[in-house]
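Quick note: the sequence shown uses the numbering used here, first residue -4, plus one each step.
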Amino acid sequence: MIRTRKSKRSGTRVDPRFFIIIGILVAVIGVLLFILLYNGKEEITDNGAMTYSFSERNAVLIRDEKVLMSAEYARLDYLREEGEEVITGEKLATVYKLGYSDELMQSLLNARENVYRVQMDRIGSTKDARLDEMNEAIAALRARIEDCVMLGSGENLEQLYWQLESALKERMDYLRDKVQETETLRALYKTADDTAALLETWTETIYAPSYGVVSYYFDGYEEAMNAEKLSMLTPDLVNRAIKDKGSAVWTTGDRSRACRVVDNERWFLAFLTKSGDLVRTAEGVEYDVEIKGYGTYRGVALDPIINGSQVVNILEFDSDIGELLNVRTASVRISAAVSGIKVKSEALKVENGITYIELLRSESHITMRVDVLAEDNGTAIIRPHEKNETLSPGVRYWNRKR
């Protein structure tokens, strides 16, 4: 008998419902991704104007200044008044180095007088109008010195002594050309010259390196915070200066900083904002700044410095610094009338301190970095951050819901 083999069915039948479930899952994931990535709506940019305003903000003042250093000194003789305008090459201070003694000056004055007595013995009683003028000037200086010492006239005693020394030298040199030199005079001249040279080794003259105003006050931040180091400003440095209250004092602890020469028509103000905030100063924009207790000034913003969670905002001024010469910290109010492109604030996003807007062009999303000039009631005035980019009214942008 011939047996017939039954053929087996290959494979297992898949339930159609499996494919339906997979399709539903894919659809749900797609919808979720769409909601996450594109949930929002199109908006249109427009022209707008607004007022930027910050009130009661603590700020630091930074100057374009040069700190003039010297050898370690015992004391300084200030040759110009605090805040006085000076020109390049002008004498600002005489430094008396550590170890200097007032006896050196007295020795020089005595040496010049000894020369004069011998010169007069040689010249006799010859009438000389120029010599009489010199003697009158010397007598007047001696009287002022006596008033300063005995009556407390308030004059600078060191300056008076230097003026007297200069007058005595002028008289000595004048008579030197008129009196025949002797062995005695030659020895006295040498003593006076040697004493003057010795005095020079113990003193140093500080000269103005440029035009500006001179100041003898220091608060310890002059070298860390100045016009040459603006790019190195940090939030920590600004905060420390604010907490120290910036109290300037007449002398310095290191006894080597002599004075400062400040460009009185170029100075800066810096304050902090959070890097996650939309609003900060924008480079090139003019701001009105009311400095509490000093008045109102107009400054132009430099490019803000983004540093971690904070931003250092810097304004530059070209007006007379006036009473702010020795002020380090102040409370300020800042405002500006600005105009630009108006958008919804919620359409802007901030990442690592940088603000962006998402533009729609040819159905694609393009990210542009922007500066927020002002923001109020859910509306912001912006401009492109990069100078070679443009943003006009009527441009579509994406307002993604958050």
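Note that the Cβ used here is the ideal one computed from N, Cα and C, for glycine as well. The structure displayed is predicted, hence computed values, not measured ones.
Opening and closing residue of the alpha helix (DSSP H) in which residue i lies
i: ILE237; result: 230 to 239
i: ILE118; result: 97 to 118
Residue i classed as buried or exposed, judged by whether at least 16 other C-beta atoms fall within 10 angstroms
i: GLN101; result: exposed
i: ARG107; result: buried
i: LYS61; result: buried
i: LEU146; result: exposed
i: MET64; result: exposed
i: SER210; result: buried
i: ARG255; result: buried
i: PRO204; result: exposed
i: ARG275; result: buried
i: ALA135; result: exposed
Residue i versus residue j: straight-line alpha-carbon distance, rounded
i: TYR184; j: THR196; result: 19 Å
i: PHE263; j: LEU163; result: 47 Å
i: TYR289; j: SER387; result: 40 Å
i: GLY303; j: SER270; result: 7 Å
i: ASP59; j: ASN372; result: 39 Å
i: LEU27; j: ILE17; result: Confidence is the limiting factor: at LEU27 the pLDDT is only 47, short of 50, which leaves the residue's position unreliable, though a coordinate-based value still follows. One C-alpha to the other measures close to 15 Å.
i: LEU56; j: SER326; result: 11 Å
i: TYR95; j: GLU218; result: 28 Å
i: ALA54; j: GLU278; result: 18 Å
i: LEU126; j: ARG166; result: 7 Å
i: LEU232; j: SER314; result: 25 Å
i: GLU281; j: GLY78; result: 28 Å
i: ASP189; j: LEU103; result: 9 Å
i: ASP214; j: ALA187; result: 41 Å
i: ILE301; j: MET227; result: 11 Å
i: ILE30; j: ILE349; result: Low per-residue confidence applies at ILE30: pLDDT is 46, beneath 50, and the placement is therefore not dependable enough to give any value.
i: THR291; j: ASP283; result: 7 Å
i: TYR156; j: LEU320; result: 30 Å
i: SER330; j: THR374; result: 17 Å
i: VAL110; j: LEU71; result: 29 Å
i: VAL390; j: LEU354; result: 8 Å
i: GLY43; j: ILE376; result: 7 Å
i: TYR206; j: VAL90; result: 21 Å
i: LEU194; j: LYS92; result: 10 Å
i: TRP171; j: GLN114; result: The sequence given here places Arg at residue 171; Trp does not occur at that position. Roughly 8 Å separates the two Cα atoms.
i: PHE266; j: ALA236; result: 11 Å
i: ASP258; j: LYS224; result: 15 Å
i: ILE201; j: VAL81; result: 12 Å
Distance between beta carbons of residue j and residue i, contact taken as under 8 Å
i: ALA222; j: ARG252; result: Not quite, the Cβ-Cβ distance comes to about 18 Å (not below 8 Å), so this is no contact.
Bounding residues of the beta strand (DSSP E) (the contiguous stretch that carries residue i)
i: TRP262; result: 252 to 269
i: LYS36; result: 35 to 39
i: ASP283; result: 281 to 286
i: THR276; result: No beta strand (DSSP E) contains THR276, which DSSP labels as neither H nor E.
i: ARG75; result: Careful: ARG75 lies outside any beta strand (DSSP E) and carries neither H nor E.
i: VAL307; result: 305 to 312
i: LEU87; result: 86 to 92
Contact test: residue i Cβ vs the ligand MN heavy atom, cutoff 6 Å
i: TRP197; result: Judged by which ligands are present, the structure shown has none, so any question about the ligand MN falls away.
Chain D contact for residue i (CB, 7 Å cutoff)
i: GLU217; result: The structure shown contains no chain D; it is built from a single protein chain.
3-residue-minimum beta strand (DSSP E) runs that sit fully inside the region 315 to 383, ordered along the chain:
324 to 339, 343 to 346, 349 to 356, 359 to 371, 374 to 379
Whole alpha helix (DSSP H) runs in the region 126 to 198 with 4 or more residues, listed along the chain?
152 to 171, 178 to 196
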